[in-house]
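Engineer: Handing you this structure, nothing more for now.
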Amino acid sequence: MHKRIGEILVGLGYITEDILQKALELQEKSVEKRRLGEILAEMALKEDELVQALSIQFNIPVLSKDDLPETLPSDRFSQEFLKENLLLPLRVEDNELLIAIADPLNIQPLEAIEAAFGYDIKPVLAHRSVILSHLNRLFASREARIKKALDDVQEDLSMVEATRELDELTGLAQEKGIVQLVNLLIENAVRDRASDIHVEPEEDLLRVRYRIDGILYDKEVIPVNMTPAVTSRIKLLANMNIAERRLPQDGRIRGFFAGKEIDIRVSTIPTVHGEGIVMRLLDRAAAFISLEEIGFDEELLGEYNQLIHRPYGMLLITGPTGSGKSTTLYASLDRINSPEKKIITIEEPVEYVMKGINQINVQPKIGLTFANGLRHIVRQDPDVIMVGEIRDLETAGIAIHAALTGHLLFSTLHTNDAPGAITRLMDMGVENYLVSSTLIGVMAQRLVRRICNHCRAEDRKNRELVQEFGIDVPLYRGNGCEHCSNTGYMGRIAIFELLTINDEIREMIMDKATARELRQKAVQQGMRTLREDGLIKVKKGITTIDEVLRVTQVEL
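See the structure below:
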């Protein structure tokens, strides 16, 4: 049995017997049955005295100031989890996590960390105020670290004017301050769940924006005199030509940022104020998302499953850039992947490596285009082929030929809706009878933001829209909280429009029907439009009417 805390405090001379008795009386009267240490802390006890007594009571050492970390030992720790449970991870040595705790009896969070991370836990004691203040400092240090890096860069730039000399640019791109600044921009983007980083030079500043859940947010403003150094650093990391500033360039960065292996596609373009840069972030360790998680409900999934299990034919996924087409294709291939099937993909670039599937990167510089690669793929005896995108008549023609000769072929097009993909193929020059005989389905999709579960509340503002769309269930929206950066949204889900090609649609394709006519016939046959699918998700409380209206066009 542990010695009582009151006895220890009296024995150490931190309190008198009278104070202990008064505290015990207050504890007896309190409705909440407060802990004796809390009551004594309000009466006469100092923070470090309580910690020393708890250390003796539970035989746990006290936190040394030398052990306070400058950064957390892992980026996987949640700020909310640590603050709620008053835990401060200090460091990891030989798989042993040294962690400061305020309450020795609260062992469940420690067990959770042990299970999740596989660490052996070694606790040390600290007062709650010490833990909270240091956690605040660590999580607030994001802004401070950016500011410090900016200050360091300014010192570097004080000696070097904005330069055009290659040697000076290369040297500047490797200065400590610039290296830290660019690394912080990428790490913060990873922590914020950003899909893209936009580095945009303007006349009097360099603006950095993150795209989070499909929406761009201003994040950092960097002094204009740092523009050459920042852009040169990014280009150096991406193995680009630093001296070339007149032509667009593409590159790639691979590395560990915020504890994750991230693949970054980098694109530069010359603007009047300097080079604009966009970095697309891909998490190499991200798990595949299933079709159900993407947004398919039971009815739509049943219909789509029938299409992807066909032995041959062409299935197209359409939508603008950033609408989740690649994710749906990967989930579809994962669903049908089996040892009995040979699946080959040609992509630009391969975003996620899949086991059991042969994946090819397009490399136009050496002649490996979609069309050229696809021409060779059909000689590899595949059962299923995935082409990242049909961009021209040559690629479309080879894809059609592959579908005609007994292959199931997946690909994407950039069109506004499902029927529009049919007319787009014919506009490219594909004969209508070939489209009619090979196409088995077209699915359009968009991404809408999910309502944040932490601040979800009933929406009482959109009453007019509710009446307009005939919705008779309560609607929800996010009020904004620290979990969702006060946006009210966290994560995204897809909405779909699936057009299955049946005999009637085939006849209309043969007659060269317009996209509008094809759409009207498909709706008559029961096709659920993008907006209708979106409204179903609104009724389920997954997203908001505003989101669905933002990504869908008016249906004629």
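All residue numbers for the sequence shown refer to this note's numbering, where the first residue is 55 and numbers rise by one.
From the three backbone atoms N, C-alpha and C, an ideal C-beta is built for every residue, glycine too.
1. Could you tell me the alpha carbon to alpha carbon distance between MET280 and LYS396, rounded to whole angstroms?
2. Restricting to Cα atoms, I'd like to know which of LEU142, CYS509 and VAL278 is closest to MET544.
3. Assign ALA203 to one of three DSSP states: helix, strand, or coil.
4. How long is the line joining the alpha carbons of GLU401 and ARG429, rounded to whole angstroms?
5. Starting from the N-terminal side, write out each stretch of the alpha helix (DSSP H) that is 4 residues or longer and does not extend beyond the stretch 323 to 400.
6. Just the Cα atoms here: how many angstroms apart are ILE323 and ALA292?
7. What separation, rounded to the nearest whole angstrom, lies between the Cα atoms of MET55 and LEU144?
8. Curious, which full-length beta strand (DSSP E) runs of at least 3 residues does the stretch 417 to 456 contain?
9. How many Å lie between ALA450 and VAL605 at the Cα?
10. Tell me whether LEU501 sits in a helix, a strand or coil according to DSSP, three-state version.
11. So, does the stretch 472 to 484 touch the stretch 562 to 576, judging by three or more C-beta pairs under 8 angstroms?
12. Give the DSSP-derived three-state secondary structure of ASN412 in the structure shown.
13. Give the range of the alpha helix (DSSP H) segment to which PHE523 is assigned.
14. Inspect the CB distances between the stretch 149 to 162 and the stretch 172 to 191 and report whether three or more fall short of 8 angstroms.
15. Between the beta-carbon of SER386 and the beta-carbon of TYR366, is there less than 9 angstroms?
16. Name the one or two DSSP bridge partners that GLU61 has.
17. According to DSSP, what are the bridge partners of ALA548?
18. Between GLN360, HIS468 and GLY483, which has its C-alpha nearest THR554's C-alpha?
19. What whole-angstrom Cβ distance do LEU584 and ASP471 have, given they're in contact under 8 angstroms?
20. Measure the C-alpha to C-alpha separation of LEU192 and VAL184 and round it to an integer number of angstroms.
21. What are the start and end residues of the beta strand (DSSP E) that includes TYR271?
22. Quick one: Cα of LEU141 to Cα of LEU126, how far?
23. Which of helix, strand or coil does DSSP assign to ALA154?
24. Thinking just about the alpha-carbon of each residue, which of ILE599, ALA457 and ARG247 is nearest to the one in GLN521?
25. With 16 other CB atoms within 10 Å as the buried threshold, where does GLU215 fall?
26. Nearest-angstrom Cα distance between GLU394 and VAL432?
27. How far does the beta strand (DSSP E) with ASP481 in it reach, from first residue to last?
28. Whose C-beta lies closer than 8 angstroms to the C-beta of GLY172 among residues of the same chain, with five residues either side of it excluded?
29. Opposite ASP120 in the DSSP bridges: which residues?
30. Starting from LYS176, trace the beta strand (DSSP E) in both directions and tell me its first and last residue.
31. Span of the alpha helix (DSSP H) holding LEU529?
32. Have a look at ASN242, GLU448 and VAL64 and flag the residue whose alpha-carbon is nearest the alpha-carbon of ILE316.
33. Does the Cβ of VAL284 have 16 or more other Cβ atoms within 10 Å, making it buried, or fewer, making it exposed?
34. Per DSSP, which one or two residues make a beta bridge with TYR543?
35. Using CA coordinates, which residue listed in ASN190, GLU586 and THR423 is at the minimum distance from ILE549?
36. Compute the Euclidean distance between the alpha carbons of SER249 and ILE288, then round it to the nearest angstrom.
Structural biologist: With the given structure in hand:
1. 51 angstroms
2. CYS509
3. helix
4. 14 angstroms
5. 345 to 348, 352 to 362 and 379 to 390
6. 14 angstroms
7. Caution applies to MET55, whose pLDDT of 48 falls short of 50 and renders its modelled position unreliable; the value that the coordinates give is listed next. Distance between the alpha carbons of MET55 and LEU144 is about 29 angstroms.
8. 438 to 441
9. 28 angstroms
10. strand
11. yes
12. strand
13. Neither: PHE523 is in no alpha helix (DSSP H) and is coded neither H nor E.
14. yes
15. no
16. Looking at the DSSP assignment, GLU61 forms no beta bridge with any residue, so it has no partner.
17. LEU501
18. GLN360
19. 7 angstroms
20. 12 angstroms
21. 269 to 277
22. 11 angstroms
23. strand
24. ILE599
25. Interpretation of GLU215 is limited by its pLDDT of 48, a score under 50 that renders its predicted location unreliable; no figure is taken from the coordinates.
26. 17 angstroms
27. Run containing ASP481: none in the beta strand (DSSP E); it sits in the alpha helix (DSSP H), 472 to 482.
28. ASN149
29. Answer is none; ASP120 lacks a bridge partner.
30. 174 to 179
31. From DSSP, LEU529 is part of no alpha helix (DSSP H); its letter is neither H nor E.
32. ASN242
33. buried
34. ILE505
35. GLU586
36. 17 angstroms
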